[in-house]
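Residue numbers (my numbering), protein chains in the order written: chain G, 1 to 190; chain R, 191 to 380.
For reference, the structure is listed below as structure tokens.
Number of protein chains: 2
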Amino acid sequence: MSDRRSALLEAAIKVIARRGVRGLRVEQVAAEAGVAVSLIYYYFDNRNGLVRATLEHANERAATVAASADGAALSGRQAVERSLLGELGDGDHVRDTSVVWGEVLASAVFEPDLRSQQREATETWSELIAAAIAEGIGDGSIPADIEAQACAERLTALVDGLSSRWLAGVTTRERAQALLAAGIGRELGT
Amino acid sequence: MSDRRSALLEAAIKVIARRGVRGLRVEQVAAEAGVAVSLIYYYFDNRNGLVRATLEHANERAATVAASADGAALSGRQAVERSLLGELGDGDHVRDTSVVWGEVLASAVFEPDLRSQQREATETWSELIAAAIAEGIGDGSIPADIEAQACAERLTALVDGLSSRWLAGVTTRERAQALLAAGIGRELGT
Numbered sequence: 001m002s003d004r005r006s007a008l009l010e011a012a013i014k015v016i017a018r019r020g021v022r023g024l025r026v027e028q029v030a031a032e033a034g035v036a037v038s039l040i041y042y043y044f045d046n047r048n049g050l051v052r053a054t055l056e057h058a059n060e061r062a063a064t065v066a067a068s069a070d071g072a073a074l075s076g077r078q079a080v081e082r083s084l085l086g087e088l089g090d091g092d093h094v095r096d097t098s099v100v101w102g103e104v105l106a107s108a109v110f111e112p113d114l115r116s117q118q119r120e121a122t123e124t125w126s127e128l129i130a131a132a133i134a135e136g137i138g139d140g141s142i143p144a145d146i147e148a149q150a151c152a153e154r155l156t157a158l159v160d161g162l163s164s165r166w167l168a169g170v171t172t173r174e175r176a177q178a179l180l181a182a183g184i185g186r187e188l189g190t
Numbered sequence: 191m192s193d194r195r196s197a198l199l200e201a202a203i204k205v206i207a208r209r210g211v212r213g214l215r216v217e218q219v220a221a222e223a224g225v226a227v228s229l230i231y232y233y234f235d236n237r238n239g240l241v242r243a244t245l246e247h248a249n250e251r252a253a254t255v256a257a258s259a260d261g262a263a264l265s266g267r268q269a270v271e272r273s274l275l276g277e278l279g280d281g282d283h284v285r286d287t288s289v290v291w292g293e294v295l296a297s298a299v300f301e302p303d304l305r306s307q308q309r310e311a312t313e314t315w316s317e318l319i320a321a322a323i324a325e326g327i328g329d330g331s332i333p334a335d336i337e338a339q340a341c342a343e344r345l346t347a348l349v350d351g352l353s354s355r356w357l358a359g360v361t362t363r364e365r366a367q368a369l370l371a372a373g374i375g376r377e378l379g380t
């Protein structure tokens with residue numbers, strides 16, 4: 001990806017994190033990135049193209065963070081824990097990505113254009129977690145009778161639900177993380 | 191509550207279900223209800239007052255649905271199941287309420303004014319579920335070592351996460367319901 005396109009997407013993540021997808025105007029993203037509006041149309045055609053590319057970029061960024069754990073000698077169970085709990089980690093980066101994710105999900109209720117991409121992104125995420133659960137069943141860190149796919153769908157939905165409470169100020173990040181850690185235990189057995 | 195105020199709130203729920211909180215204009219609600227805009231200002235002062243009252247009304251409506259199960263001779267566990275699975279039931283009524291809930295939660299990220307009410311509503315919901323879990327522990331339908339409060343917070347967050355996927359077209363309602371039913375089993379023991 002060109003540095004310039006990437007810089008525009010980082011600017012879009014920041015604008016969405018501050019104002020939401022529905023408050024997003026291309027002029028703000030251009031101002032945030034310090035470029036002319038025409039450059040945004042050049043790279044993304046229109047506002048919808050920008051929103052879709054931003055979701056994709058935020059997800060890739062999140063996947064890179066998740067994959068960075070791969071080098072370590074983790075059991076399948078530890079990989080599940082690290083990856084899911086990381087979604088509620090501290091740092092602006094995590095928060096911004098989470099806001100973008102929640103925003104696109106909430107906007108997809110009213111904008112059918114956003115749905116297929118959100119569906120694919122959610123499926124990819126669930127599959128990554130299901131694969132780590134399957135590894136855990138293989139290495140003995142997770143009981144063999146766990147249904148990896150259903151369990152992954154539930155745990156990622158739980159992350160979504162807890163994240164939205166955290167971001168909305170309904171619960172603290174620490175409480176959300178503690179609930180998630182215990183929830184992983186309920187799902188994967190102890 | 192006056193019939194007129196109630197009719198305005200029902201109209202607001204319909205408008206939010208179609209367009210979202212952030213797309214809501216008082217003129218649309220007035221048109222939906224077939225009244226003058228001034229009547230909305232008379233009852234709710236301003237747009238924010240209308241949004242807050244609509245959330246409250248949607249939650250009361252949902253609580254009435256949940257409480258309607260109380261008459262039956264249900265175990266605590268059955269009450270938890272009926273109440274939570276009802277949040278993913280069919281019928282426009284359930285869907286509309288769920289959209290309003292998700293919208294206010296998502297909007298609260300950017301509108302601090304909405305947070306305290308959303309927090310209270312979420313706490314009330316969790317407490318209702320925790321009370322049903324405690325009843326289930328009392329009547330033997332739920333194991334005694336379950337932490338009612340944490341469990342209730344997780345299950346309601348799971349409902350939120352699954353609802354948003356359903357409403358965004360990421361998963362089907364039936365799949366979301368099946369995942370939730372199995373998730374209740376993981377949380378409450380089988």
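Just so it is clear, CB atoms sit at the ideal spot from N, CA and C, and this is done for glycine as well.
Nearest-angstrom Cα distance between residue i and residue j?
{"i": "residue 115/G", "j": "residue 289/R", "result": "16 Å"}
{"i": "residue 316/R", "j": "residue 40/G", "result": "44 Å"}
{"i": "residue 14/G", "j": "residue 161/G", "result": "22 Å"}
{"i": "residue 199/R", "j": "residue 291/R", "result": "14 Å"}
{"i": "residue 170/G", "j": "residue 177/G", "result": "14 Å"}
{"i": "residue 375/R", "j": "residue 270/R", "result": "11 Å"}
{"i": "residue 310/R", "j": "residue 245/R", "result": "11 Å"}
{"i": "residue 32/G", "j": "residue 212/R", "result": "23 Å"}
{"i": "residue 329/R", "j": "residue 249/R", "result": "28 Å"}
{"i": "residue 377/R", "j": "residue 123/G", "result": "23 Å"}
{"i": "residue 179/G", "j": "residue 38/G", "result": "46 Å"}
{"i": "residue 173/G", "j": "residue 163/G", "result": "8 Å"}
{"i": "residue 46/G", "j": "residue 206/R", "result": "26 Å"}
{"i": "residue 42/G", "j": "residue 49/G", "result": "11 Å"}
{"i": "residue 196/R", "j": "residue 287/R", "result": "15 Å"}
{"i": "residue 91/G", "j": "residue 57/G", "result": "18 Å"}
{"i": "residue 217/R", "j": "residue 155/G", "result": "41 Å"}
{"i": "residue 215/R", "j": "residue 25/G", "result": "19 Å"}
{"i": "residue 263/R", "j": "residue 283/R", "result": "25 Å"}
Does the separation of the CB atoms of residue i and residue j fall below 8 Å?
{"i": "residue 348/R", "j": "residue 326/R", "result": "no"}
{"i": "residue 83/G", "j": "residue 146/G", "result": "no"}
{"i": "residue 356/R", "j": "residue 295/R", "result": "no"}
{"i": "residue 111/G", "j": "residue 20/G", "result": "no"}
{"i": "residue 324/R", "j": "residue 340/R", "result": "no"}
{"i": "residue 30/G", "j": "residue 44/G", "result": "no"}
{"i": "residue 35/G", "j": "residue 358/R", "result": "no"}
{"i": "residue 285/R", "j": "residue 332/R", "result": "no"}
{"i": "residue 342/R", "j": "residue 275/R", "result": "no"}
May I ask which residues mark the beginning and end of the alpha helix (DSSP H) holding residue i?
{"i": "residue 185/G", "result": "173-188"}
{"i": "residue 338/R", "result": "338-357"}
{"i": "residue 203/R", "result": "193-209"}
{"i": "residue 220/R", "result": "216-223"}
{"i": "residue 40/G", "result": "37-44"}
Jot down the residue ranges of each uninterrupted alpha helix (DSSP H) in the segment 79-122 of chain G, minimum 4 residues, whole runs only, in chain order. Whole alpha helix (DSSP H) segments, 4+ residues: 92-108.
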